[in-house]
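Student: Let me give you the structure first, and then I'll get to my questions.
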Amino acid sequence: MTTGSGYSTPGLTTGATGNGYATPGQGGSTSGDGYGTPGQGGSTSGDGYGTPDQGGAPSGDGYGTPDGDDPDGDDNDGTSDFDSISKIKLSLKKAIKSSGKKGKELIGTDSSDTIVSGKGVDTMTGKDGADYFVYKQKNNFGKKKADKVSDFEIDDGDKIVIKGKSFLKGNKKEATFAEAKNKKQAKKLAKQDVDFIYEKKSGKLYFNSNGDKKGFGDQGGFFGIVEGSPELSADDINLI
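For the sequence shown, the residue numbers in this note's numbering are 1136 to 1375.
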């Protein structure tokens, strides 16, 4: 054995650059630290504990979660994903309508109905069938003017229908929609360029009239309530 250490361990020839403790030095695992754990030559940019540093999860924080991202997977509280609301053709000639300034209870039949809210605080009840609940009044915002939908059933094919000319500027064929978990998130969404916001916790529908500015604008705000707070998506809402 060439150049042994006296402990029956390799020296310079058997194990290159042995350290006398039967553990590899620089000639063992690449850039070893003398404890059988890899250094820079082990896992990429190792920290000496067998865990990756910069070579782990991208921009990791040491806990397996990436920096700058929401652990729930919805960056910025879900305030960046907007869906499109499509425009449809819907006749209101045979619709159940409200008249006058006082609120009314508008009740449908056991078939599919189109129910149109008016100037007062109306409550729209569709009963059975695929019903269309139509919001068409201009500037009908706030607690004293917002109309209610009492029995929105997604499985029945019910739809919230919004008259575009009463809300949107110009002749837009589409609008954007986002769902907020609560009022705090709805306020964050109001600072972005989204047209309609549904607050899941309260069932409130908002129109954002001022784009990405703070608040909902002078011609926007809370205009409807969907009782029961169902899960709503852009597929459940249409423009006419």
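Cβ atoms here follow ideal geometry from the backbone N, Cα and C, with glycine treated the same way. Just so it is clear, the structure is predicted and the values come from calculations on it, not from any experiment.
Within a Cβ cutoff of 8 Å, which residues of the same chain sit near residue 1240, ignoring the five residues on either side of it in sequence?
Tutor: For the purposes of this step, residue 1240 is taken as residue 105 along the sequence shown, with counting starting at 1. 1257, 1258 and 1260, listed in sequence order.
Student: Please report the straight-line C-alpha distance between residue 1351 and residue 1345, rounded to a whole angstrom.
Tutor: Here residue 1351 is taken as the residue at index 216 of the sequence shown, counted from 1. Here residue 1345 is taken as the residue at index 210 of the sequence shown, counted from 1. Each residue's Cα considered, the two are about 6 Å apart.
Student: So is residue 1223 buried or exposed if we call it buried at 16+ other beta carbons inside 10 Å?
Tutor: Here the question's residue 1223 lines up with position 88 in the sequence shown. Exposed, because fewer than 16 other Cβ atoms sit within 10 Å of the Cβ of residue 1223.
Student: How would you label residue 1317, buried or exposed, when you count the other beta carbons within 10 angstroms and need 16 or more for buried?
Tutor: Residue numbering aside, residue 1317 sits at position 182 when the sequence shown is read from its first letter. It counts as exposed.
Student: In whole angstroms, what separates the C-alpha of residue 1280 from that of residue 1232?
Tutor: Position 145 of the sequence shown, counted from the start, is the residue given in the question as residue 1280. Position 97 of the sequence shown, counted from the start, is the residue given in the question as residue 1232. Their Cα atoms are separated by approximately 16 Å.
Student: What's the C-alpha gap between residue 1353 and residue 1302?
Tutor: Numbered from 1 along the sequence shown, position 218 holds the residue referred to as residue 1353. Numbered from 1 along the sequence shown, position 167 holds the residue referred to as residue 1302. Taking the straight line joining both Cα atoms gives about 12 Å.
Student: Ends of the alpha helix (DSSP H) at residue 1281?
Tutor: Locating residue 1281 in the sequence shown gives position 146, counting from the first residue. Careful: residue 1281 lies outside any alpha helix (DSSP H) and carries neither H nor E.
Student: Mark residue 1237 as exposed unless 16 or more other C-beta atoms lie within 10 angstroms of its C-beta, in which case mark it buried.
Tutor: Locating residue 1237 in the sequence shown gives position 102, where the first residue counts as 1. With fewer than 16 Cβ atoms within 10 Å of its Cβ, residue 1237 is classed as exposed.
Student: For residue 1130, which three-state DSSP category applies?
Tutor: The structure shown does not extend to residue 1130, since the chain spans only 1136 to 1375, so no value can be given for it.
Student: Can you tell me whether DSSP reads residue 1346 as helix, strand or coil?
Tutor: In the sequence shown, the residue the question calls residue 1346 occupies position 211. Of the three classes helix, strand and coil, the one that applies to residue 1346 here is coil, per DSSP.
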